[in-house]
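Enquirer: For what it's worth, our numbering labels the leading residue of the sequence shown as 6, then goes sequentially.
We put the beta carbon where it would ideally sit given N, CA and C, even for glycine.
From a predicted model like this one, the values you see are computed outputs, not experimental measurements.
This is the structure I have questions about; it appears just below.
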Amino acid sequence: MSIYDGLIILVLLFGIYLGYQRGIIKQVSDFAVLLITMIIASPLSKLLCKLLYPVLPFFNFTGDAKGIKSINLIVWRLIIYFLLIAIILLIVRRVFIKLKISAKIKESMVEAGIVSKILGIIMSVPLTVIVLYNVLIIINVPLINFDVAKESKVADFILEKTLIISSQNEDVYLSSNYARKQVFSKNNTDETYENINNKIINNMLKNNLTTKSVINKLEDKNKLLGTRYTIIDEIEDEAGVTNPTEYNKTRENTTEYKK
6 MSIYDGLIIL
16 VLLFGIYLGY
26 QRGIIKQVSD
36 FAVLLITMII
46 ASPLSKLLCK
56 LLYPVLPFFN
66 FTGDAKGIKS
76 INLIVWRLII
86 YFLLIAIILL
96 IVRRVFIKLK
106 ISAKIKESMV
116 EAGIVSKILG
126 IIMSVPLTVI
136 VLYNVLIIIN
146 VPLINFDVAK
156 ESKVADFILE
166 KTLIISSQNE
176 DVYLSSNYAR
186 KQVFSKNNTD
196 ETYENINNKI
206 INNMLKNNLT
216 TKSVINKLED
226 KNKLLGTRYT
236 IIDEIEDEAG
246 VTNPTEYNKT
256 RENTTEYKK
């Protein structure tokens, strides 16, 4: 068992403690609301991304991901996904307050007996798991060289086996894993990063993260490929912090994928 497995188990134990304190009604309501919200947010985020990708800003990240702007497809998908979760939860909270459901749930927490507390413990496990899923899928973004599923068997299980949610977000998970391997591989150099970018795009199409029509629109706008010389390099160059090599200016992306 790795240290990361230990941390996740500690979070699960804390969730169990909260389940005991809150009782079954609070745990069931929180689990149902969050699960349904995630089930709605996942396909809706995918639909919105298809519409919004052409108008959203695509960032040229620093580090090993510099110039590989295709990663923006994953980043924006997750941003929109979590924004939708936040909006839906806010709406549900307001509805609960208006219907005085929140007050009744709080009363049930105060009046929770031992049976309710024990059932709350049981219900706390799936609730904590779906919360952890959201945290882990953020950590899994291919901007840092850390494969959470490889480092933790528990994390791998949560990302791949979480009820309904794992299958809905499989396109993001698989695309993130592939992109990370490509970005942080020895083959990712100033001469080959364009080819790396194209491989990541092909994999995204394979995983149904996006569509060829969307990719073609982004290519027409020159949004899929950046340069290895970013604005941060320019600032550092002017300040005399570094002496970066001269990179080619942005060129049209001659991709390998089939249009």
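Which of the three DSSP states, helix, strand or coil, is assigned to residue 191?
Expert: Along the sequence shown, one-based indexing puts residue 191 at 186. If DSSP states are grouped into helix, strand and coil, residue 191 belongs with coil.
Enquirer: Tell me where the alpha helix (DSSP H) around residue 221 begins and ends.
Expert: Indexing the sequence shown from 1 puts residue 221 at position 216. It spans 217-225 - the alpha helix (DSSP H) in which residue 221 sits, taken as one unbroken run.
Enquirer: On the three-state DSSP scale, how would you describe residue 19?
Expert: The residue you call residue 19 lines up with position 14 of the sequence shown. Looking at residue 19 - three-state DSSP - the assignment turns out to be helix.
Enquirer: Only counting the same chain, and skipping five residues up and downstream in sequence, which positions put a Cβ closer than 7 Å to that of residue 219?
Expert: Against the sequence shown, residue 219 aligns to sequence position 214. Excluding residues within five positions, the ones whose Cβ falls inside 7 Å are 55, 58.
Enquirer: What is the DSSP secondary structure of residue 9, counted as helix, strand or coil?
Expert: Position 4 of the sequence shown holds residue 9. Three-state DSSP puts residue 9 in a helix.
Enquirer: From 148, 231, 102, 215, pick the residue whose C-alpha is nearest to that of residue 68; which is it?
Expert: The sequence position of residue 68 within the sequence shown is 63, counting from 1. Of the listed residues, the one whose Cα sits closest to residue 68 is 148.
Enquirer: Looking only at its own chain, which residues have a Cβ that is under 6 Å from the Cβ of residue 171, when we skip the five neighbours before and after it?
Expert: If you number the sequence shown from 1, residue 171 lands on position 166. Cβ neighbours of residue 171 beyond the five flanking positions: 165.
Enquirer: Considering only the beta carbon of each residue, do residue 157 and residue 7 sit closer than 8 Å?
Expert: Position 152 of the sequence shown, counting from 1, holds the residue named residue 157. Position 2 of the sequence shown, counting from 1, holds the residue named residue 7. Contact: yes.
Enquirer: Quick one: is residue 198 buried, meaning 16 or more other Cβ sit within 10 Å of its Cβ, or exposed?
Expert: In the sequence shown, residue 198 corresponds to position 193, counting from 1. Residue 198 comes out buried.
Enquirer: So within the stretch 18-80, which uninterrupted alpha helix (DSSP H) runs reach at least 4 residues, ignoring any that extend past its ends?
Expert: Taking only runs of at least 4 residues, the alpha helix (DSSP H) segments lying wholly in the stretch 18-80 are 29-57.
Enquirer: Under a Cβ-count criterion, where at least 16 other Cβ atoms within 10 Å of its own Cβ denotes burial, should residue 192 be classed as buried or exposed?
Expert: For the purposes of this step, residue 192 is taken as residue 187 along the sequence shown, with counting starting at 1. Classification of residue 192: exposed, given that the 10 Å Cβ count is below 16.
Enquirer: How is residue 230 classed by DSSP in three states: helix, strand or coil?
Expert: Stepping through the sequence shown from its first residue, residue 230 is reached at position 225. Correct three-state label for residue 230: coil.
Enquirer: Give every residue of the same chain whose Cβ lies closer than 7 Å to the Cβ of residue 143, excluding the five residues on either side of it in the sequence, and list them in chain order.
Expert: Against the sequence shown, residue 143 aligns to sequence position 138. The answer, listed in chain order, is 83.
Enquirer: Excluding the five sequence neighbours on either side, which residues of its own chain have a C-beta within less than 7 Å of the C-beta of residue 179, listed in chain order?
Expert: Translated into the one-based positions of the sequence shown, residue 179 becomes position 174. Around residue 179: 212.
Enquirer: Going along the chain, which residues of its own chain have a beta-carbon closer than 8 Å to the beta-carbon of residue 85, five neighbours each way excluded?
Expert: Along the sequence shown, read from residue 1 onward, the residue named residue 85 stands at position 80. Cβ neighbours of residue 85 beyond the five flanking positions: 50, 53, 54, 57.
Enquirer: On a Cα-Cα basis, can you pick out the residue from 26, 43, 229, 232 that is closest to residue 134?
Expert: Reading the sequence shown from its first residue, position 129 is the one you call residue 134. For the residues 26, 43, 229, 232, the minimum Cα distance to residue 134 belongs to 43.
Enquirer: Excluding the 5 residues flanking residue 163 on each side, which residues of the same chain have their C-beta closer than 7 Å to its C-beta?
Expert: Within the sequence shown, the letter at position 158 stands for residue 163. So the list reads 134, 137, 138, 141, once near-sequence residues are dropped.
Enquirer: Are the CB atoms of residue 176 and residue 214 within a distance shorter than 8 Å?
Expert: As a first step, residue 214 is located in the sequence shown; it is residue number 209 there, counting from the start. As a first step, residue 176 is located in the sequence shown; it is residue number 171 there, counting from the start. Yes; because the gap between Cβ atoms is below 8 Å, this pair is in contact.
Enquirer: In its own chain, which residues sit with a C-beta less than 7 Å from the C-beta of residue 129, not counting the 5 before and 5 after it?
Expert: Within the sequence shown, numbered from 1, the residue matching residue 129 stands at position 124. Around residue 129: 20, 21, 23, 24, 32.
Enquirer: What is the rounded straight-line gap between the Cα of residue 216 and the Cα of residue 30?
Expert: Translated into positions along the sequence shown, residue 216 becomes position 211. Translated into positions along the sequence shown, residue 30 becomes position 25. The straight-line gap from Cα to Cα measures roughly 42 Å.
Enquirer: Apart from the five residues on each side of it in sequence, which residues of its chain come closer than 7 Å, Cβ to Cβ, to residue 61?
Expert: By one-based count along the sequence shown, residue 61 stands at place 56. Within the same chain, residue 61 has close Cβ partners 81.
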